[in-house]
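Structure first, commentary second.
In this note's numbering, the protein residues as written are 23 to 234.
See below:
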């Protein structure tokens, strides 16, 4: 029985192990994503948040993602805190106008979406805000950026003359792990076929070689 070539066989085995492992990891991520979606869907049915819930979320002991909350907001006539790309409740693309509900322009821990607009210059247009927002909470709307709000409330309504923005849904989370897993498993299969063809050719050539 002829020996298998050591180095190519070892490299192929290592690569197959890595590719199959990545495929299995993507399947595990898919299960994790499905569980996360179920948790976020359940979060929307929980009672409205209390101030203590926000404190716990800031301390990292709980999550308030997609929980419902009320936010009194009466800063008066103010400039928007920021503009973010987003969709209206009707699905049109445009901009979300974010406002801080804190007086005197102090750095906010939470901002609210006052509404949606098509105007890219809306950040320079003051709006009158005197209401109580009710809607869904999004955690870390600016990621890990220092000095940025840790929460954003997306309300069911909007401040006139703005129109309501689209409420987020757990189903918006991308779920492409199955296709990624298929790609990794496919690469593993291709590598195995290439190695098999190469090995068969090598053994055939070795079998035809004249013996001394």
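Ideal placement from N, C-alpha and C gives every residue a C-beta, glycine not left out.
At the level of alpha carbons, what is the spacing between residue i and residue j?
i: residue 161; j: residue 168; result: 14 Å
i: residue 131; j: residue 171; result: 4 Å
i: residue 76; j: residue 153; result: 20 Å
i: residue 150; j: residue 74; result: 29 Å
i: residue 227; j: residue 29; result: 18 Å
i: residue 133; j: residue 205; result: 40 Å
i: residue 57; j: residue 63; result: 10 Å
i: residue 163; j: residue 60; result: 21 Å
i: residue 109; j: residue 197; result: 21 Å
i: residue 166; j: residue 38; result: 36 Å
i: residue 97; j: residue 70; result: 23 Å
i: residue 32; j: residue 213; result: 13 Å
i: residue 55; j: residue 222; result: 42 Å
Quick check on residue i: does DSSP put it in helix, strand or coil?
i: residue 111; result: coil
i: residue 68; result: coil
i: residue 204; result: helix
i: residue 213; result: helix
i: residue 118; result: strand
Along the chain, where does the alpha helix (DSSP H) containing residue i start, and where does it finish?
i: residue 99; result: No alpha helix (DSSP H) contains residue 99, which is instead part of the beta strand (DSSP E) from 90-100.
i: residue 78; result: 73-80
Return the chain-ordered list of same chain residues with a C-beta closer than 6 Å to the C-beta of residue i, the five sequence neighbours on each side being excluded.
i: residue 78; result: 84
i: residue 101; result: 148
i: residue 155; result: 93, 95, 134, 175, 177
i: residue 180; result: 137, 186
i: residue 65; result: 88, 89
i: residue 99; result: 148, 150
In the DSSP assignment, find the beta strand (DSSP E) that holds residue i and state where it starts and stops.
i: residue 135; result: 132-139
i: residue 153; result: 149-161
i: residue 177; result: 173-177
With a threshold of 7 Å, establish whether the CB of residue i neighbours any heavy atom of the ligand GTP.
i: residue 189; result: Questions concerning the ligand GTP fall outside what the structure shown contains, since it holds no ligand whatsoever.
For residue i, which residues in the same chain have their Cβ closer than 7 Å to its Cβ, ignoring the five residues on either side in sequence?
i: residue 80; result: 172
i: residue 144; result: 102, 105, 117, 119
i: residue 107; result: 117
Would you verify that the beta carbon of residue i is, or is not, closer than 8 Å to some beta carbon of chain B?
i: residue 58; result: In summary, chain B is missing from the structure at hand, where a single protein chain is found.
Open item on the list: For the structure I just gave you, are there three or more beta carbon pairs, one from the segment 42-50 and one from the segment 197-215, closer than 8 Å?
Closed with: yes
- [ ] Please confirm if the segment 107-118 is in contact with the segment 138-147, defined as three or more CB-CB distances below 8 Å between the two stretches.
- [x] yes
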